[in-house]
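Notes follow once the structure below has been shown.
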Ligand SMILES: C[S@@+](CC[C@H](N)C(=O)[O-])C[C@H]1O[C@@H](n2cnc3c(N)ncnc32)[C@H](O)[C@@H]1O
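Residue numbers (my numbering): 2 to 278.
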């Protein structure tokens, strides 16, 4: 009988909210929008107004976008009802009603392509890598192109570098220090050099030692920059540009992103590919 009344002790992992941990560890909507503004201005010498965020998850980028200017509108697209609802309850609800009214969220496949024309269409955190064949990616890029205004850009983030293929590596970062804090683990779990299939897991580890294992998992094709540029061209984009972060004289990141035709061969890197309509 005693066992029946025994309460299971709640750990930090069981109490934590995986979306909240993700937002604190992975996403920086402000930085992303700075990049979108910059690459759009580089292409068209003016500020963009409308955004479509494909694979938007909790659509924090859409919410940040409309906060920046009263004319800005955003459309977020994602298949997952649970993730979208979290965004409505925790991010959209924090916006002023006049800002929130300029965000539209659609629960659908990104290939449905039925949104108004936008200036900037983005797919962040490597999400389009879910499409594993050239046919699927090109089909998706064609839908994206058809949803862009005459002066429009598509922005895709990319990762790479020799260390990204090493399945013995787990990148560990402390997000909040101390006993009440947590760490983010990015596990590079699998890579197949024959077809470039790759699996990654996000785990969170908490100050009390408890873990939320595989809070998020991704099974992707590890696409390379030249492959993606070729597919953008095949889908009909007029041109594409690759943005890397410039290094300062000490080889450190400068915070300045610019178009590059040649970039340092670092063990890990992030970049943006911009398709111009
Ligand atoms: C890696 S998460 C990216 C979330 C967010 N963009 C970010 O940067 O953090 C991928 C998201 O894509 C969604 N997704 C996967 N396939 C999709 C598809 N075909 N159409 C729409 N959403 C999709 C998933 O539900 C998930 O929320």
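Glycine included, C-beta positions come from ideal geometry on N, C-alpha and C.
{"Item": "Assigned secondary structure, residue 47 (DSSP; H/G/I helix, E/B strand, else coil)", "Value": "coil"}
{"Item": "Beta-carbon gap between residue 232 and residue 142 smaller than 8 Å", "Value": "yes"}
{"Item": "Assigned secondary structure, residue 160 (DSSP; H/G/I helix, E/B strand, else coil)", "Value": "strand"}
{"Item": "Alpha-carbon to alpha-carbon, residue 271 and residue 165", "Value": "11 Å"}
{"Item": "Cβ-based neighbour list, residue 237, same chain, cut-off 7 Å, excluding 5 preceding and 5 following", "Value": "143 and 146"}
{"Item": "Three-way DSSP call (helix, strand, coil) for residue 175 in this model", "Value": "strand"}
{"Item": "Heavy atom of ligand 1 within 7 Å of residue 79 beta-carbon", "Value": "yes"}
{"Item": "Cβ pair count under 8 Å reaching 3, the stretch 201-212 against the stretch 6-26", "Value": "yes"}
{"Item": "Contacting residues, own chain, Cβ-Cβ under 8 Å from residue 258 (five flanking each side not counted)", "Value": "36, 39, 244, 245, 246, 247 and 273"}
{"Item": "Cutoff 8 Å: residue 158 Cβ touching any chain C Cβ", "Value": "Although the question refers to chain C, the structure presented lacks it and comprises just one protein chain."}
{"Item": "Near ligand 1: residue 269 beta-carbon under 7 Å from a heavy atom", "Value": "no"}
{"Item": "Burial state of residue 10, where buried means 16 or more other Cβ atoms lie within 10 Å", "Value": "exposed"}
{"Item": "Secondary structure of residue 224, DSSP reduced to three states", "Value": "coil"}
{"Item": "Closest by C-alpha distance to residue 53, when choosing among 154, 158, 132 and 23", "Value": "154"}
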